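Residue numbers (our numbering): 6 to 276. Working notes, structure below.
Right, dumping it as C-alpha cells:
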C-alpha cells in the first residue's frame, strides 16, 4: 500500500514539476524584452558618448525590473529543485520499502550479479548527478556539502551511501563503499551492505567506523570554502573498485563539472 501511495505522490510531483518548468520558460520569455531594452539603451549611450539624466533614470528603472524578474525566475527554479529532491527521496524510500517488504529476499532465485563495469558506470553517474548546493545570498553551505563533514549528532538514513571501515578476508581493515540498512540508537551501531554485489556482505559497525558521504556538490565559484583544499588528505575510490584509499588533493576543481547531457552544444563558427 505504501508503494502505491509513493507512486501516486511521485506522479503528482512530476506534474507539478512540469508546470514549474513551463512557468520558468514563461518568466524568462517575459523578461527578455526588458533585457533587450537595457542593451539598446547602452548602445544609444555609447553612440551619444554621454550619460544624461534621462538615460540614468531609464536604466535605473530597467535594472530594477530586471532584478525583480531574475528573483521571480530564481524562486520558481528553487521550487522546481525542491520537487526534484522530493521525487528522488520518494524513489529511494520506495526502493528501501520494497527491500524491507521482502520483494527481494533469500527465498527467491539468486539475481544475476551486476557486472563490475556496469556498477562502475552507475557509481560514476550517481557522483556526476549529485545535486549542486545553491544557497541564497549570504547562506553558508550546509554539512555534507562537498568537504564539510556531517554534524556530530548526524545519523545517516537507510539508503545513504557511506564509507565503512570493515575487516577484509585477510584480517586487515579497509574502507569500502556501503549503503546504510539501519541504525540502532540503543547500541549506536549501523548495519550496512557492501555496495559491491560480487562480494555482498552485511556489516554491523560502530559510528566511528562510518563516514557519511557528501549529499551536495559545492560550487567552486560561490562556495570555495566547501572544497577539499590542495594537499588535503582524503579517502578516494580506487579506480574501477569500490574500495577507498588515502590520497592527497592535487588540484581542487575550478568550475562545476556538468554531465555530458547538460553541456551546451557549440555551433561551428560561433564557438
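Where a beta carbon is used, it is the ideal one built from N, C-alpha and C, also for glycine. What you are looking at is a predicted structure, and each value in this text was computed from that prediction instead of being measured.
Quick check: the Cα distance between residue 217 and residue 165, rounded to an integer number of angstroms? 8 Å
Label residue 19 either buried or exposed according to how many other C-beta atoms from any shown protein chain fall within 10 Å of its C-beta, with 16 as the threshold for buried. exposed
On the DSSP bridge list, what partners appear for residue 196? 187, 209
Would you report the Cα separation of residue 191 and residue 211, rounded to the nearest angstrom? 12 Å
Mind checking residue 163: buried by the 16 CB within 10 Å criterion, or exposed? buried
Segment contact flag, the region 24-36 with the region 73-92, C-beta cutoff 8 Å, min 3 pairs: yes
Among 235, 259, 12, 195, which has the Cα closest to the Cα of residue 2? Here the chain has residues from 6 to 276 only, and residue 2 is not among them.
Give the DSSP-derived three-state secondary structure of residue 260 in the structure shown. coil
Residues bridged to residue 179 [DSSP beta-bridge criterion]: 171
Given 8 Å as the limit, is there contact between the region 133-153 and the region 173-187, that is, 3 or more CB pairs closer than that? no
Is the region 51-58 touching the region 125-135, taking contact as three or more C-beta pairs under 8 Å? no
Cutoff 8 Å; reference residue 63; Cβ partners in own chain excluding five residues on either side: 46
Using the rule of at least 16 other Cβ atoms within 10 Å of the residue's Cβ for burial, across every protein chain shown, is residue 256 buried or exposed? exposed
Check whether the Cβ atoms of residue 159 and residue 148 sit closer than 8 Å, and answer yes or no. yes
I think residue 249 touches residue 240, with their Cβ atoms under 8 Å apart; what is that distance to the nearest whole Å? 4 Å
How big is the Cα-Cα spacing for residue 189 and residue 253? 34 Å
Where residue 60 falls: helix, strand or coil (DSSP): helix
For the beta strand (DSSP E) containing residue 152, list its first residue and its last residue. Here residue 152 belongs to no beta strand (DSSP E), and DSSP marks it neither H nor E.
With 16 other Cβ atoms within 10 Å as the buried cut-off, status of residue 34: exposed
C-alpha gap between residue 260 and residue 70, whole angstroms: 30 Å
Assuming residue 200 and residue 173 are in contact, meaning their beta carbons sit under 8 Å apart, how far apart are those beta carbons, in whole angstroms? Contact doesn't hold; Cβ gap of about 15 Å is too wide.
If you compare alpha carbons, which of 15, 124, 49, 72 is closest to residue 37? 72
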